[in-house]
Structure formats: C-alpha cells, structure tokens
Amino acid sequence: MSASARLASELLELLASRGETISTAESVTGGGLASAITDVAGSSKIFAGSLVTYSDLSKVHLLGIEPDLIAKFGVVSSEVAIAMAEGAKSRLGTTWSISTTGIAGPGSFAGVPAGRVWLAVVGPISRIEKLELGDLGREQVRDGAVIGALALITRILRERSASKGLES
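With this note's numbering as the guide, the letters of the sequence shown map in order to residues 94 to 261.
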C-alpha cells in the first residue's frame, strides 16, 4: 500500500470515528489529494468534495479569495493557503478542510522556487505548514504535496485524539 493510500485510509477512519467531514481546495496538487481520499472505499460518507483552483481567477471566483490578498502575499503563501482552506470549508460545509498551493516546476515562478508548497488545515484546530521539496520534477512535487497534506491532517487528528483521551 502506498504512503498516500495508507494516510488517506487512516484519515477517513479518524474522521468517521468522530462523525466529522472534510473538503479540499487544491492548486499545485490538481485534484491529486481528492483522488487519494476518494480511492478509499466509503469516502463518500466523509469527503464532501474538492475545489481545484489552479488559476488565480478560480481562487477568487470559487473560493472567495480577495484579489488583494493574492497581490499582497503571492499565490504561493501561507495567507492564500489559509484562505483557500477557509473558502472550501465554508462552501462545502465541512468540519475540516485542507488546501495545497505551490510550484511544481520545472523551475521557479514569480521568485518562488520549484518544490515550495504551502499546506493549510482549517477546522477545530487550524495549522499551516511549508514544504520545501526541491525541483524534483512535477510528478514528485505533486505526490510529495499530497503525502504532506495527508500526513499533516492525520497528525492533527491523532494529536486531537490523544488530547481528548487525556481530558476524559
């Protein structure tokens, strides 16, 4: 079983045990994160959907991101990653949302190096994470971003389970 399949399966188990749901907003991963999640049988009970917003304009129209935010911080930024996750969570009505934005390469774009990816999780706990994967090629960067996103949300859910166990 691949790393992404193992993480997606664990993610859905954790969410199902709580009766929680998830959505995604994807740029650099181009739907790969949603694909990894929906490869797991029974995902339709937990996964509401994904907004693949590859262009700046689609981020504005589909996720409600202010053009000024993109202009000020750049599309590959923690601020835009958070706004993407917030937009998907709001529009799809889920407990959690995770977003990916970055540069798959080859080469840099607008001063951002290939392999830089911002991940944002928005939900009962929110968190951002920056990955520096390097100029590994488009497929490897996108796969690394999917694994990174699944690992981040799964880690958050595990931590939340551990802290709830301590509170009981």
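Ideal Cβ positions, reconstructed from N, Cα and C, are used throughout, including at glycine.
task: Grab me the residues of residue 236's own chain with a C-beta within less than 8 Å of its C-beta, minus the 5 sequence neighbours each way, in chain order.
output: Along the sequence shown, read from residue 1 onward, the residue named residue 236 stands at position 143. These residues qualify, in order along the chain: 97, 125.
task: Give a yes or no on contact between the stretch 99 to 107 and the stretch 216 to 230, applying the rule of three or more CB pairs nearer than 8 Å.
output: No: fewer than three Cβ pairs fall under 8 Å.
task: Could you give the DSSP three-state label for residue 191: helix, strand or coil?
output: The residue labelled residue 191 in the question sits at position 98 within the sequence shown. Strand, per DSSP.
message: Going by DSSP, what residue range makes up the alpha helix (DSSP H) through residue 131?
response: Working through the sequence shown from its first residue, we reach residue 131 at position 38. First-last of the alpha helix (DSSP H) with residue 131: 125 to 131.
query: When the Cα atoms are used, what is the spatial distance from residue 261 to residue 176?
result: Within the sequence shown, numbered from 1, the residue matching residue 261 stands at position 168. Within the sequence shown, numbered from 1, the residue matching residue 176 stands at position 83. Low per-residue confidence applies at residue 261: pLDDT is 39, beneath 50, and the placement is therefore not dependable, though the value from the model is reported in the following sentence. A direct Cα-to-Cα measurement between residue 261 and residue 176 gives close to 34 Å.
- prompt: So who's on the other strand from residue 142, going by DSSP bridges?
  reply: What you label residue 142 is simply residue 49 of the sequence shown in a count that begins at 1. When DSSP reads this structure, residue 142 sits in a beta bridge with 116.
message: Quick check: residue 182 and residue 190, are their CB atoms within less than 8 Å of each other?
response: Translated into positions along the sequence shown, residue 182 becomes position 89. Translated into positions along the sequence shown, residue 190 becomes position 97. Taking 8 Å as the Cβ cut-off, residue 182 and residue 190 qualify as a contacting pair.
Cβ neighbour criterion (16 or more within 10 Å) applied to residue 152: For the purposes of this step, residue 152 is identified with residue 59 of the sequence shown, where counting begins at 1. It counts as buried.
task: Hey, could you find the ends of the beta strand (DSSP E) residue 222 is sitting in?
output: Within the sequence shown, residue 222 is the residue found at index 129, counting from 1. DSSP places residue 222 in the uninterrupted beta strand (DSSP E) bounded by 220 to 225.
message: Any heavy atom of the ligand PLP inside 7 Å of the beta-carbon of residue 149?
response: Ligands are entirely absent from the displayed structure, and the ligand PLP is therefore not among its contents.
query: What residues match up with residue 212 in a beta bridge as DSSP calls it?
result: Taking the sequence shown and counting its residues from 1, the one referred to as residue 212 is at position 119. In the DSSP assignment, the residues bridged to residue 212 are 193, 222.
- request: For the alpha helix (DSSP H) holding residue 109, just list the boundary residues, first then last.
  value: The residue given as residue 109 occupies position 16 in the sequence shown. That run of the alpha helix (DSSP H) goes 96 to 111.
query: Less than 8 Å separating the beta-carbons of residue 120 and residue 143?
result: Indexing the sequence shown from 1 puts residue 120 at position 27. Indexing the sequence shown from 1 puts residue 143 at position 50. Their beta carbons are not under 8 Å apart, which means residue 120 does not touch residue 143 by this criterion.
task: Taking only beta-carbon positions, decide if residue 231 is within less than 8 Å of chain B.
output: The structure shown contains no chain B; it holds only a single protein chain.
field: Of the residues 249, 231, 256, 248, the one placed nearest residue 201, counting alpha carbons only
entry: Taking the sequence shown and counting its residues from 1, one reaches residue 201 at position 108. Comparing alpha carbon positions, the residue from 249, 231, 256, 248 closest to residue 201 is 231.
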